[in-house]
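Just below is one structure, and these are the notes that go with it.
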Amino acid sequence: RKEVEQDPGPFNVPEGATVAFNCTYSNSASQSFFWYRQDCRKEPKLLMSVYSSGNEDGRFTAQLNRASQYISLLIRDSKLSDSATYLCVVNIRNTGNQFYFGTGTSLTVIP
Amino acid sequence: NAGVTQTPKFRVLKTGQSMTLLCAQDMNHEYMYWYRQDPGMGLRLIHYSVGEGTTAKGEVPDGYNVSRLKKQNFLLGLESAAPSQTSVYFCASSYRGGGPQHFGDGTRLSIL
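Line by line, the protein sequences are chains A and B. Under the numbering used here, the letters of the first sequence match residues -8 to 102, in that order. Under the numbering used here, the letters of the second sequence match residues 14 to 125, in that order.
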């Protein structure tokens, strides 16, 4: 069983739409959670950390549900520049603080 | 501020050849990581280091060795390259365990 599972998509949405991605993790000892974005043939870049109380950064909102072991990312008012692959990342402290990545969810925002 | 720098950016090897990938960070981070990324798969951890002079195995360590002789550098070695090691390799660093990672821009390695 994979540590982190994501719907690979692709998600194709029009500009201005709201889109949500979900991610589930299998290890209840998971401690830290992140969303990264990765553009084609580029390195992953941190989008936002995910906190237990939920957090927002502009048009992006992240939520964590520890009981159900899932993480979500909501993007409002989608821009063309949001087109990328979004990676869900989990850190598990009792594995030596290793990070586990989902395979990513592909988003294309259409004019 | 360079952040995380990887060299080389591209390399083509023949089966059985050896090479070393270099990762350098100027952020004084304690933790450093080597990942590989293959189509349809998430990034997978090869080896990591929690500080100068330390290394540990990740999810897919076979066929690779690493060294962290200086805090700012983390080297990944392939002793006898195999076609299965064709991949994009990313180095990352973080200031603490569990903290957000900063990535280099990758090394594209092809083994024929």
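Ideal placement from N, C-alpha and C gives every residue a C-beta, glycine not left out.
Taking residue 83(B) as the reference, which of 72(B), 62(B), 122(B) and 90(B) has the closest Cα? Sequence index remark: in the second sequence, residue 83(B) carries index 70 (1-based). When only C-alpha atoms are compared, the closest one is 62(B).
At the level of alpha carbons, what is the spacing between residue 37(B) and residue 95(B)? Residue 37(B) sits at position 24 when you count from the first residue of the second sequence. Residue 95(B) sits at position 82 when you count from the first residue of the second sequence. The straight-line gap from Cα to Cα measures roughly 25 Å.
If you run the structure through DSSP and keep just helix, strand and coil, what is residue 5(A)? Taking the first sequence and counting its residues from 1, one reaches residue 5(A) at position 14. Three-state DSSP puts residue 5(A) in a strand.
What do you reckon, are the CB atoms on residue 56(B) and residue 48(B) nearer than 8 Å? What you label residue 56(B) is simply residue 43 of the second sequence in a count that begins at 1. What you label residue 48(B) is simply residue 35 of the second sequence in a count that begins at 1. Yes; because the gap between Cβ atoms is below 8 Å, this pair is in contact.
Separation of residue 9(A) from residue 45(B), as counted between CA atoms: The count along the second sequence starts at 1 and reaches residue 45(B) at position 32. The count along the first sequence starts at 1 and reaches residue 9(A) at position 18. If I take the Cα positions, the gap works out to 36 Å.
From residue 2(A) to residue 99(A), what distance separates their C-alpha atoms? Counting from one through the first sequence, the residue named residue 2(A) turns up at place 11. Counting from one through the first sequence, the residue named residue 99(A) turns up at place 108. Computed Cα separation, rounded: 6 Å.
Based on Cα-Cα distance, which residue from 31(A), 54(A), 36(A) and 34(A) lies nearest to residue 42(A)? For the purposes of this step, residue 42(A) is identified with residue 51 of the first sequence, where counting begins at 1. Among 31(A), 54(A), 36(A) and 34(A), the Cα nearest to that of residue 42(A) is on 54(A).
Determine whether the Cβ of residue 107(A) lies closer than 8 Å to any Cβ atom of chain B. No answer is possible for residue 107(A): the residues shown for chain A start at -8 and end at 102.
For a test of the three-state rule: what should DSSP assign to residue 71(A), helix, strand or coil? For the purposes of this step, residue 71(A) is taken as the residue at position 80 of the first sequence. Note: residue 71(A) maps to helix in three-state DSSP.
Please determine if the stretch 60 to 75 of chain B and the stretch 77 to 92 of chain A are in contact, where contact requires at least 3 C-beta pairs separated by less than 8 Å. yes
For residue 63(A), which of 27(A), -6(A) and 14(A) has the nearest alpha-carbon? Here residue 63(A) corresponds to residue number 72 of the first sequence, with the count starting at 1. That would be 14(A), whose Cα lies nearest to the Cα of residue 63(A).
Minimum length 3: unbroken beta strand (DSSP E) runs contained in the stretch 64 to 98 of chain B: 78 to 80 and 86 to 91
Taking Cβ to Cβ, would you say residue 89(B) is nearer than 8 Å to residue 79(B)? Position 76 of the second sequence, counted from the first residue, corresponds to residue 89(B). Position 66 of the second sequence, counted from the first residue, corresponds to residue 79(B). A contact, by the Cβ cut-off of 8 Å.
In the structure shown, what three-state DSSP assignment does residue 94(A) receive? Residue 94(A) sits at position 103 when you count from the first residue of the first sequence. In this structure, residue 94(A) counts as coil in the three-state DSSP scheme.
So which residues on chain B does residue 18(A) lean against when the C-beta distance must stay under 8 Å? Your numbering for residue 18(A) matches position 27 in the first sequence. None at all; the shortest Cβ gap to chain B is about 13 Å.
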